[in-house]
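Numbering (the numbering used here), first residue to last: 910 to 1420.
Even glycine gets a Cβ: it sits at the ideal position worked out from N, Cα and C.
Here's what the structure looks like:
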């Protein structure tokens, strides 16, 4: 019989991480992130210089763009290598990567979450089409972010005459995971957590390797009475740390929101969309979402779609999903992204990406940092900052229909809407529609070959992707293409017969 769970302090727990270990950390932005453990590991390294030369592995971005989350681990010497799905929330990690201080990989978030499951099972990796012709394809860099990073973790293979990518398995030596409660045998329950993430495969991967699994919880209980509520069995857990409440907030944006773990109640009203360009883009994108469909909304500008759907009484007509696992309800934004209010279900992240990759999404509404002449999209490389692709590559490659949302130009753009017409009050200084994107996260020609329908929605025009590139299909009332479109693009779209964008896209905000 197993003994009782070993409950220790965070500083004692992280002392079990050996030098050179591969450490997997669970979480999504701030939800599910074991803040007490990553901050304790930082303290230990700064005080003792140990452990050194860790490989950090994580699927979803974890941080607050400041000092929390994986920013705690961004120290030269502590890390040798980072394999992550999204980097923007942990800028300190990004700085190490861009400076060549660490080996650094950006692989698709969905692939990494599933890869952890393959590692746990001792299988040789993930074989998938996800990532072909993007920057994670070995033909285009293999997801390696600097010259110091040389080992290939992705390879092209032929299976039944079809080209696919193999994302290679590697050993996991240690795991940081988080739950709500641990019972006397170390069984973990998640009743106050807004998501489940990939905690089970992380724990299984480390345990099956003979490594150490450390779980952060907010409380101890005698027994989790409902065995179906246990998401990680105690036999996988080596050490349990009861966190201070300040390091166990439900998300980095909220101490605790009952709506994130409750179903059946009324949906709260989203924050109204005030910026005129966001209202126009959100309203036009919303018209592409049909009743009964399964939808994924990206972070940022696409969030306006949900807010306008609520404003116009359409929110209950389709199902919103989040790649982290919530299904139904209203996705949260900001530092609570990854959770949903009043979700109908919360499944684990690998299962959600199985659903996405298999074609379960009817439509995805996503952002775009750059759009190329061939319809390719960059969301990862932003000037001198590396944001990473996150779940974008999986979602953009698998949804039946895609709506990319972005302002026509960036940096300083100001528009006015009055009388159903759009006026450019101040033009943006940076082109969004460029001849060639800096980094390919979505490959336009491959989308055409797959039969995807792709639109690019801006505040002043709508473009559709065809076999020969982008074609202008709609234009905002009040916009003169010769004045407001062609000078602001690095290429000319294919000629067409554009119509006016729908009048309801320029309606005044609800009072």
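Original post:
Nearest CA to the CA of residue 1072: which residue from 1038, 1100 and 1098?
Top reply: 1038
Original post:
Quick one: what's residue 1125 bridged to in DSSP?
Top reply: 1087 and 1150
Subject >> Exposure label - residue 933; buried when at least 16 CB within 10 Å >> reply: buried
Original post:
Using the beta-carbon count (16 or more within 10 Å), is residue 1395 buried or exposed?
Top reply: exposed
Original post:
Straight-line CA distance for residue 927 to residue 991?
Top reply: 16 angstroms
**OP:** Return the Cβ separation of residue 1364 and residue 1307 in integer angstroms, given the expectation that the two are a contact with Cβ distance under 8 angstroms.
**Re:** Wrong, their Cβ atoms sit about 17 angstroms apart, outside the cutoff.
Subject >> Distance CB(residue 1195)-CB(residue 1214) smaller than 8 angstroms >> reply: yes
Original post:
What is the DSSP secondary structure of residue 930, counted as helix, strand or coil?
Top reply: coil
Subject >> Exposure of residue 1183, with buried meaning 16 or more beta-carbon neighbours within 10 Å >> reply: exposed
**OP:** Given a cut-off of 8 angstroms, decide if residue 953 and residue 923 are closer than it, judged by their beta-carbon atoms.
**Re:** yes
Subject >> Straight-line gap, residue 1067 to residue 1036 (C-alpha atoms, nearest Å) >> reply: 10 angstroms
Subject >> Given 8 angstroms, three or more beta-carbon pairs between the stretch 1150–1168 and the stretch 1194–1208 >> reply: no
Subject >> Proximity to residue 920 [Cα-Cα], best of 1135, 1413, 1148 and 1233 >> reply: 1148
Original post:
Name the DSSP bridge partner or partners of residue 1249?
Top reply: 1240
Subject >> Best match in 1302, 1282 and 1390 for proximity to residue 1331 [C-alpha to C-alpha] >> reply: 1390
Original post:
Residues in its own chain within less than 6 angstroms of residue 940 by CB, not counting five upstream and five downstream?
Top reply: 1103, 1104, 1160, 1247 and 1248
**OP:** Using three-state DSSP, classify residue 1258 as helix, strand or coil.
**Re:** helix
Original post:
What's the C-alpha gap between residue 1343 and residue 1400?
Top reply: 7 angstroms
Original post:
Thinking just about the alpha-carbon of each residue, which of 1257, 1280 and 1062 is nearest to the one in residue 993?
Top reply: 1062
Original post:
Do residue 999 and residue 983 come within 8 angstroms of each other at the CB atom, strictly closer than that value?
Top reply: yes
**OP:** Rounded to whole angstroms, what's the CA-CA distance from residue 1197 to residue 1353? Just pull it up for me.
**Re:** 19 angstroms
Subject >> Alpha carbon of residue 1420 to alpha carbon of residue 1393, nearest angstrom >> reply: Bear in mind that the predicted position of residue 1420 carries a pLDDT of just 47, short of 50, making it unreliable; the figure below should be weighed with that in mind. Their Cα atoms are separated by approximately 30 angstroms.
**OP:** Tell me whether residue 1100 sits in a helix, a strand or coil according to DSSP, three-state version.
**Re:** coil
Subject >> Proximity below 8 angstroms, CB of residue 1362 to CB of residue 1310 >> reply: yes
Original post:
Of the residues 1252, 1373 and 1017, which one's Cα is nearest the Cα of residue 1282?
Top reply: 1373
**OP:** Please check the pair residue 1168 and residue 1177, which I expect to be a contact at CB under 8 angstroms, by giving their CB distance rounded to whole angstroms.
**Re:** 7 angstroms
Subject >> Rounded C-alpha distance that separates residue 1341 from residue 1165 >> reply: 38 angstroms
Original post:
residue 1186 lies in the alpha helix (DSSP H); which residues open and close that run?
Top reply: 1185–1195
Original post:
Alpha carbon to alpha carbon, what distance is there between residue 1345 and residue 1114?
Top reply: 40 angstroms
Original post:
Considering only residues of the same chain and omitting the five flanking positions on each side of residue 1412, which have a CB-CB separation below 6 angstroms?
Top reply: 1329
**OP:** Taking the CB atoms as reference points, tell me whether residue 1380 and residue 1317 lie closer together than 8 angstroms.
**Re:** no
Original post:
Looking at C-alpha atoms only, which residue of 1313, 1025 and 1064 is the closest neighbour of residue 1041?
Top reply: 1064
**OP:** From the DSSP output, in three-state form, read off residue 946 for me.
**Re:** helix
Subject >> Cβ pair count under 8 angstroms reaching 3, the stretch 1263–1277 against the stretch 1108–1125 >> reply: no
Original post:
Which class does residue 1311 belong to by DSSP, given the choice of helix, strand or coil?
Top reply: strand
Original post:
Just to confirm, does residue 1033 get its C-beta within under 7 angstroms of one of the non-hydrogen atoms of the ligand PLP?
Top reply: This structure simply doesn't include the ligand PLP, nor any ligand for that matter.
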